[in-house]
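What follows is a short report on a single structure.
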Amino acid sequence: MEQPAPRLVRVLVPLPLAGPYTYAEPDDLELAPGDYVTVPLGPRHVRGVVWPDAAGGTADAEIDLKKVKPVLERLDAPRLSVEVMNFVDWVSAYTLFPQGAVLRMVMRSGSQLDPPRPQTGYLAAPRVPEGVKMTPQREKVLATVRGLNFPETPAEIARRAGVSDGVVRALADAGALEKIETDPDAPFEAPNLGRRGKTLSPEQADAADKIRRHIEAREYACTLIDGVTGSGKTEVYLEAAAAALKQDPGAQVLVMLPEIALTLPFLKRLEERFGAAPAPWHSDLGQAGRRRTWRRVADGSARLVVGARSALFLPFRNLKLIIVDEEHDPAYKQQDGVLYQARDMAILRAAHGGFPIVLASATPSLETAVNAQGGRYETVQLPSRFGGASMPDIGLIDMRENPPEKQEWLSSVLIRAVNDTLARGEQAMLFLNRRGYAPLTICRKCGERMTAPDSDTWLVEHRFSNRLVCHHTGYSIPRPDTCPHCGAHDSLAACGPGVERIAEEAARLWPEKQIAIFSSDTVMNPAAGQELLARMKDGGIDILVATQVAAKGHHFPNLTLVGVVDADLGLVGGDLRAGERTWQLLSQVIGRAGREEKPGRALLQSYQPEHPVIAGLASGDRDAFMEAERDGREMLGFPPFGRLAALVLSGENEQHVNSAARMLAAQVPHGQGIEVWGPAPAPLYRLRGSYRVRFLIKAARDVSIQNFLRAWLTDVKIHSSVRRTVDIDPYSFM
1 MEQPAPRLVR VLVPLPLAGP YTYAEPDDLE LAPGDYVTVP LGPRHVRGVV
51 WPDAAGGTAD AEIDLKKVKP VLERLDAPRL SVEVMNFVDW VSAYTLFPQG
101 AVLRMVMRSG SQLDPPRPQT GYLAAPRVPE GVKMTPQREK VLATVRGLNF
151 PETPAEIARR AGVSDGVVRA LADAGALEKI ETDPDAPFEA PNLGRRGKTL
201 SPEQADAADK IRRHIEAREY ACTLIDGVTG SGKTEVYLEA AAAALKQDPG
251 AQVLVMLPEI ALTLPFLKRL EERFGAAPAP WHSDLGQAGR RRTWRRVADG
301 SARLVVGARS ALFLPFRNLK LIIVDEEHDP AYKQQDGVLY QARDMAILRA
351 AHGGFPIVLA SATPSLETAV NAQGGRYETV QLPSRFGGAS MPDIGLIDMR
401 ENPPEKQEWL SSVLIRAVND TLARGEQAML FLNRRGYAPL TICRKCGERM
451 TAPDSDTWLV EHRFSNRLVC HHTGYSIPRP DTCPHCGAHD SLAACGPGVE
501 RIAEEAARLW PEKQIAIFSS DTVMNPAAGQ ELLARMKDGG IDILVATQVA
551 AKGHHFPNLT LVGVVDADLG LVGGDLRAGE RTWQLLSQVI GRAGREEKPG
601 RALLQSYQPE HPVIAGLASG DRDAFMEAER DGREMLGFPP FGRLAALVLS
651 GENEQHVNSA ARMLAAQVPH GQGIEVWGPA PAPLYRLRGS YRVRFLIKAA
701 RDVSIQNFLR AWLTDVKIHS SVRRTVDIDP YSFM
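Using UniProt numbering, the letters of the sequence shown map in sequence onto residues 1 to 734.
What follows is the structure, encoded as structure tokens:
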């Protein structure tokens, strides 16, 4: 009797593979799309997800059954939702990265699918056994444990009681504590939806009502909260989050933030608002923390999630609202691995899921502004600061007329302003978006510029650690005493300023004042960041010297002066967004001043105060600047009025890379509304030992740039040592 043909399923694995593979389903598994499974792949066993086909099934029946291997096991984990699987497919099609590479962002390493070992916790036993000798320390432990609603570890009980672990364990051995095995990935406490938020101003209440209407209608809508710094945008979208969570007992809300520096203080703010800590997701979480958040998002018990861009790829079961704070921030663009713009992918996720999304910014991106003007997004305006605070006055310092002293960087105008601020007992910030002490180290004798090995990147001096560091590759060496090129002793000179050099100058000018540096190099972990922010808020710092990590999201009540050391810094280079980014960054840093009752002031040092960006900042006419930026982009057909893609070839063999570039250049297909520029050496031609050549593809808005790239790249075979990377909507041109 002929054996019936096995049922076939498609399984996608989290590897850079173009699509799912077909496997046979064992009779006892009854698999469905979204199930996590283990399958054989070559000589190894890997984990993957049963993937639906285009018709909603699980596999193509037209296959040689003799070559089909069986699925080995189904894992005990919540099924991946259809919405997430569709999202993976769409992101893959849009970015031109393999489906498996996108799935890896959802599955991570896959280790979170393993059931964790139970954790030992303790509660109070019904009674203390006779003969157990009690001491004051043991009494403290019992009092602590009797106040618990759930089991806690010995270490946590000891911490709460102020005793050692040994005291807790001795009581447990004596039978006074009851041992209970618990899941180490405890569910996150549910938000208290009866808890009221802060009282909203009429403008805030109106904005919140407009967003709430879309939530109640259960419909897709993209709403931009366009509000000046300090206008209370956060309180508005937290009301929207509360409305979404109330709508459905299993509803989940994702709040996206661009940087960890913003995420950590924000977690406490949400805990105050909802009476429960949200589930965090960012790169500083340890493996256990990431596993807990991933598992609780997957089973639906993590209802409020706060995270960086990769949080968008968590396996949500019932996502009903996405909030993208600081939507303009370039940190939402992923620059390695799968290249994507998280804000744009979040809008796509909401549109396909049929639920609202909120974008918030004091300086919206041009892409968002154009969509809002065209009616594709709804806009709610918050034009004034909350509580009656006023926007800071902005002044320009023409450095051609007010040059600093030799080898100094602060003009006399800015120094006088800092003196006046400190005399009033207020705080000042000196802003320079450049890390380290100096951006370039050069030999005064031979002219050698210190660069990273096998790279064209300059080494940045960090004087506090006495090291030269490459911010592109991570390469680091102690600062040498002699030039490695010519051997000259004590000939290396620092060129240009970084925040460390500005802090050194500030220490000479104000030796009795408390000066601190706020940058990613000096604040190495969340605890250090929290400590510095607390010192600033409590008045323990007089002058804060800062990079962009301090430019947004922070509230310093006594900060009344912001001095921008080099307002021209971001205007150099060929980046099409240079002007827009400079406007956004400086607007955000200016907005740190005068956020409460004391008026604020900002001074911008510039060698080109007539530049449209600098002049526009001084006049405060954002709309005029954005209109000029829009007209320029539209005339050139650049985003958002056209499409861009970058194609980067890289490899350790320079000849192979350039040969591949010539082959691709010779095979560029002709297409209406398409221009291909290049090949050309990348501005950073050598990086980490690889040579890099770039193409830039520009297309009309109504042309599918993805289809053009597929048609071009599919039939051109290049040397296997050459890596080919496609970047749709590039943000970096280096």
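Virtual Cβ for every residue (Gly too), placed ideally from N, Cα, C. Since the model is a prediction, treat every value here as computed from it, not as a measurement.
Tell me whether residue i is buried or exposed, calling it buried when 16 or more other Cβ atoms sit within 10 Å of its Cβ.
i	result
T441	buried
A5	exposed
F150	exposed
G56	Confidence at G56 is low in this model, with a pLDDT of 49, below 50, so the placement of that residue should be treated as unreliable; the coordinate-derived value is given next. Burial call: exposed.
S231	buried
M429	buried
S720	exposed
W677	exposed
S365	buried
Q335	exposed
S690	buried
K268	exposed
E654	exposed
In the structure shown, what three-state DSSP assignment does residue i receive?
i	result
L200	coil
I63	coil
V338	coil
P280	strand
H471	coil
Y332	helix
A55	Its pLDDT being 49, under 50, A55 is placed unreliably by the model, and the measurement read from it follows with that caveat. A55 falls in the coil class under three-state DSSP.
I502	helix
K717	coil
Q252	strand
W409	coil
Q381	strand
I397	strand
F625	helix
Y607	coil
E596	coil
A438	strand
Q548	helix
F638	coil
So, under 8 Å CB-CB, residue i and residue j are touching, yes? Tell me the CB distance rounded to an integer number of Å.
i	j	result
K246	L193	5 Å
A244	V253	5 Å
S412	Q605	Actually they are not in contact, since the Cβ atoms of S412 and Q605 sit about 11 Å apart, beyond 8 Å.
Let's see if you can read the secondary structure: which residues bound the alpha helix (DSSP H) around residue i?
i	result
Q588	A578 to I590
K233	K233 to Q247
K140	P136 to R146
S659	E654 to A666
P154	P154 to A161
G616	P612 to S619
S92	V82 to T95
R291	Q287 to A298
Leaving out five residues on either side along the sequence, give the residues of the same chain with a beta carbon under 7 Å from the beta carbon of residue i.
i	result
M1	Note that M1 scores 47 on pLDDT, short of 50, meaning its location in the model is unreliable and no value can be drawn from it.
V88	Q99, V102, L103 and V106
H462	G436, Y437, V469, E500 and D521
Y607	M399, R400 and D568
V726	L96, A645, L647 and L709
Hey, quick one: how far does the beta strand (DSSP E) through residue i stretch, first residue to last?
i	result
W677	I674 to L687
V324	L319 to D325
G651	G642 to G651
residue 735	Examination of residue 735 is not possible in this model, given that the chain is present from 1 through 734 alone.
F431	Q427 to F431
S704	Careful: S704 lies outside any beta strand (DSSP E) and carries neither H nor E.
D165	No beta strand (DSSP E) contains D165, which is instead part of the alpha helix (DSSP H) from D165 to D173.
Who are the near neighbours of residue i in its chain, counting only those whose CB is closer than 6 Å to its CB and skipping five residues on each side?
i	result
L576	F638
A550	F518
E367	P640
Would the C-beta of residue i count as close to the ligand FMN, meaning under 7 Å from any of its heavy atoms?
i	result
K513	No copy of the ligand FMN occurs in the structure displayed, which carries no ligand at all.
Skipping 5 residues on each side, what residues in its chain have a beta carbon closer than 8 Å to that of residue i?
i	result
L257	T263, F266, V306, G307, A308, D325, E326 and G553
P129	A174, G175 and A176
A18	P98, Q99 and G100
R581	P330, G570 and D575
R376	C222
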